[in-house]
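Quick notes on the structure that follows.
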Amino acid sequence: MEEQLSVDHLLGIKYLTKQDIELIFHTADSFKEVINRPIKKVPTLRDVTIANIFFENSTRTKLSFELAEKRLSADVVNFSSSSSSVTKGETLIDTVNNILAMKVDMVVMRHAFPGAALFLSKNVNAKIINAGDGAHEHPTQALLDAYSIREKYGNVKGKNIVIVGDILHSRVALSNIFCLNKLGAKVKVCGPPTLIPKFISDLGVEVVYDLKEALNWCDVAMMLRIQLERQDEKYFPSIREYAMRYGLDLKVLDGLKKKITIMHPGPINRGVEITSDVADSEHSIILNQVENGVAIRMAVIYLLAAKINR
Amino acid sequence: MKNERVLLKGLKFQLTIQRLCHQLIENHQDFSETAIIGLQPRGVFLAERIVKELQSILKNSDLDKGNMDITFYRDDFRRREKPLVPSKTDIEFSIENKKVVLIDDVLYTGRTIRAGLDAMLAFGRPKKVECLVLIDRRFSRQLPIQPDYVGKKIDSVAEEKVIVSWKEKEGEDKVILYTEK
Numbered sequence: 028m029e030e031q032l033s034v035d036h037l038l039g040i041k042y043l044t045k046q047d048i049e050l051i052f053h054t055a056d057s058f059k060e061v062i063n064r065p066i067k068k069v070p071t072l073r074d075v076t077i078a079n080i081f082f083e084n085s086t087r088t089k090l091s092f093e094l095a096e097k098r099l100s101a102d103v104v105n106f107s108s109s110s111s112s113v114t115k116g117e118t119l120i121d122t123v124n125n126i127l128a129m130k131v132d133m134v135v136m137r138h139a140f141p142g143a144a145l146f147l148s149k150n151v152n153a154k155i156i157n158a159g160d161g162a163h164e165h166p167t168q169a170l171l172d173a174y175s176i177r178e179k180y181g182n183v184k185g186k187n188i189v190i191v192g193d194i195l196h197s198r199v200a201l202s203n204i205f206c207l208n209k210l211g212a213k214v215k216v217c218g219p220p221t222l223i224p225k226f227i228s229d230l231g232v233e234v235v236y237d238l239k240e241a242l243n244w245c246d247v248a249m250m251l252r253i254q255l256e257r258q259d260e261k262y263f264p265s266i267r268e269y270a271m272r273y274g275l276d277l278k279v280l281d282g283l284k285k286k287i288t289i290m291h292p293g294p295i296n297r298g299v300e301i302t303s304d305v306a307d308s309e310h311s312i313i314l315n316q317v318e319n320g321v322a323i324r325m326a327v328i329y330l331l332a333a334k335i336n337r
Numbered sequence: 017m018k019n020e021r022v023l024l025k026g027l028k029f030q031l032t033i034q035r036l037c038h039q040l041i042e043n044h045q046d047f048s049e050t051a052i053i054g055l056q057p058r059g060v061f062l063a064e065r066i067v068k069e070l071q072s073i074l075k076n077s078d079l080d081k082g083n084m085d086i087t088f089y090r091d092d093f094r095r096r097e098k099p100l101v102p103s104k105t106d107i108e109f110s111i112e113n114k115k116v117v118l119i120d121d122v123l124y125t126g127r128t129i130r131a132g133l134d135a136m137l138a139f140g141r142p143k144k145v146e147c148l149v150l151i152d153r154r155f156s157r158q159l160p161i162q163p164d165y166v167g168k169k170i171d172s173v174a175e176e177k178v179i180v181s182w183k184e185k186e187g188e189d190k191v192i193l194y195t196e197k
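Chains A and B, in that order, are what the protein sequence lines are.
The first sequence begins at 28 in our numbering and counts up by one.
The second sequence begins at 17 in our numbering and counts up by one.
Here it is as structure tokens:
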């Protein structure tokens, strides 16, 4: 087992090696035990300050990062763009440098522009964790998804995984494709042709347009939300038609040849990509994903904090 | 070039473990109020051996025994080159009001035991805590920590290392002192 990450920032799964991912998982195993104790806190990062900077809305990711930081005993400052001076015309570098001037060691950032985290890592002196940059990457989500699959099946290697829905606008899909490929899983994507990016097969995934065919092939199905906020034109006739062709309900699930596992990164649009009875069924590990999210983020923060030099 | 010297092995090693067990029994009788905790990564082998020996002496297999990892409680995080990869913690019982015996293979600076005392508090407030080690490198403590049960006391300098190997792991029970030249 490698003892440290090969990277100084977590900008995307693209930059990680398989060994990095395995080290994160191994560390997360210990943190998962910690967060299930009566006292869910360790004193490791007492001298580290972390800023959570969110230029886009978030509930799960922001809460999960904040809890992870607090359970490592780090000091936390939160910042969201709607209530800040960004609306007064301050640039991203200026905003972040001002925060860093208050002695912050690490920045967790979500931004609507792809590459925002990479840009920041080149221009400011802090460890950067990408919590989602536009339709590019969302590395901690992919890590917790793969970790949840590993927890359920013991291993990710050789598993068949299908990602269903709005692949074109999804940073979760891209990060997951990188992550699952590196861990040796077989990945297919499924959705309406207009929501599948051209040349996606170059990333080593297969495209299927028929949901039933995809589900019959897979062990795990990741259902994604339609990202209406990123869609500047109509990609399909109506939400109702999408739900009929690509929505997952209990009838489809029960008609399959074998039992499969259902995942969803959230937020769920119940009745669109997944019905309530499926989301709440025994097939679903959606809430396990959320629990694992805290352990994975603790592991990532812990391993990057070791690289802070003052 | 390795310059090594054997401190304990064979029958002497076995007798040392048995003696530690009898010392424990003097203070803990039937162990109903006692929890035994081995410190990861190397203290767990000694804890395992002690518990096995106690079970055969006491004819009682119902001992509270756990392993504890102290990585996240260390005081040298970010002061060393690499972060520390954690090991597994499994303590399936509460230590509230119990007498706890912390077990490690070698006591050197005392910093691991310090971290262990901290880590233990996440599992309850013990009535009493004792420390058992196989090897005590005396006169090299950096903190005011002393063991209650000692297999063997040795005098050593900072350049020397003490390695305890176990039959289960390395194929032989022995303790060596070595310097790398």
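Ideal Cβ placement from N, Cα and C applies to all residues, glycine included.
These numbers were taken from a predicted model, which means no experiment stands behind them.
Asked: CB contact below 8 Å: B/Tyr89 versus chain A; Found: yes
Asked: A/Gly4 - containing alpha helix (DSSP H), residue span; Found: Outside the displayed span of chain A (28 to 337) sits residue 4 of chain A, for which this structure offers no information.
Asked: Any C-beta of chain B under 8 Å from that of A/Ala332; Found: yes
Asked: Within 8 Å, strictly: CB atoms of A/Phe106 and A/Ala78; Found: yes
Asked: Per DSSP, cross-strand counterpart(s) of A/Phe81; Found: A/Ser107 and A/Arg137
Asked: Residue closest to A/Ser91, alpha-carbon to alpha-carbon, out of A/Ala200, A/Leu207 and A/Gln168; Found: A/Gln168
Asked: Local Cβ density within 10 Å of A/His196, reported as buried at 16 or more and exposed below that; Found: buried
Asked: Residue closest to B/Gln158, alpha-carbon to alpha-carbon, out of B/Leu24, B/Gln45, B/Thr125 and B/Val60; Found: B/Thr125
Asked: Euclidean distance between Cα positions of A/Gly116 and A/Val123; Found: 14 Å
Asked: Within chain A, the residues that B/Lys114 reaches when beta carbons sit closer than 7 Å; Found: Those do not exist, as B/Lys114 stays about 15 Å from chain A at its closest Cβ, beyond 7 Å.
Asked: Stretch-stretch touch, CB-based, cutoff 8 Å, three pairs: the region 49 to 66 of chain B with the region 91 to 111 of chain B; Found: yes
Asked: Whole-angstrom C-beta distance between A/Val247 and A/Thr288, which should lie under 8 Å; Found: 5 Å
Asked: Other residues of its chain near B/Pro57: CB distance less than 6 Å, five sequence neighbours each side excluded; Found: Ser103
Asked: Three-state secondary structure (DSSP) of A/Leu94; Found: helix
Asked: Residue from A/Ser265, A/Ile66, A/Thr44 and A/Arg98 with nearest C-alpha to A/Ile328; Found: A/Arg98
Asked: Chain A within 8 Å of B/Val60, Cβ atoms only; Found: no
Asked: Same chain, Cβ closer than 7 Å to A/Glu240, five either side skipped, listed in chain order; Found: none
Asked: Near-chain B residues of the region 66 to 97 of chain A - C-beta to any C-beta below 7 Å; Found: Ile66, Val69, Pro70 and Thr71
Asked: Counted within 10 angstroms of its Cβ, other Cβ atoms place A/Ala128 as buried (16 or more) or exposed; Found: exposed
Asked: Inter-residue Cα distance where the pair is A/Lys225 and A/Lys149; Found: 30 Å
Asked: Beta carbon proximity, B/Pro99 to chain A, threshold 8 Å; Found: yes
Asked: Cβ of A/Glu178 within 8 Å of any chain B Cβ; Found: no
Asked: Whole-angstrom C-beta distance between A/Ala101 and A/Arg257, which should lie under 8 Å; Found: About 32 Å separates the two Cβ atoms, so there is no contact after all.
Asked: Minimum C-alpha distance to A/Ile40 - residue among A/Ala153, A/Arg337, A/Ser202 and A/Gln254; Found: A/Ser202
Asked: Contact set for A/Ala326: own chain, Cβ-Cβ below 7 Å, skip 5 residues either direction; Found: Ile51, Thr54, Ala55 and Phe58
Asked: Contacts that B/Pro57 makes with chain E (C-beta to C-beta distance below 7 Å); Found: Absent from the structure is chain E; the protein chains it does hold are A and B.
Asked: Same chain, Cβ closer than 6 Å to A/Met249, five either side skipped, listed in chain order; Found: Ile190 and Met290
Asked: Alpha-carbon spacing of A/Ser228 relative to A/Lys68, whole angstroms; Found: 43 Å
Asked: Reference B/Tyr194, options B/Arg154, B/Lys177 and B/Arg96, closest by Cα; Found: B/Lys177
Asked: Residue burial classification, A/Gln46 (beta-carbon count within 10 angstroms, cutoff 16); Found: exposed
Asked: Burial state of B/Lys143, where buried means 16 or more other Cβ atoms lie within 10 Å; Found: exposed
Asked: Proximal residues to A/Pro141 (C-beta, below 7 Å), its chain only, five neighbours per side dropped; Found: Asp160, Gly161, Ala162 and His163
Asked: A/Met129: first and last residue of the uninterrupted beta strand (DSSP E) it sits in; Found: A/Met129 -> no beta strand (DSSP E), and no H or E assigned at all.
Asked: B/Phe155 burial status per 10 Å Cβ neighbour count (16 or more: buried); Found: exposed
Asked: Own chain partners of A/Asn319 with C-beta closer than 8 Å, once the 5 adjacent residues on each side are dropped; Found: Ala55, Lys59, Leu171, Tyr174, Ser175 and Glu178
Asked: Listed by chain order, chain B residues near A/Ser57 by CB distance under 8 Å; Found: Asp85, Thr87, Phe88, Pro102, Ser103, Lys104 and Thr105
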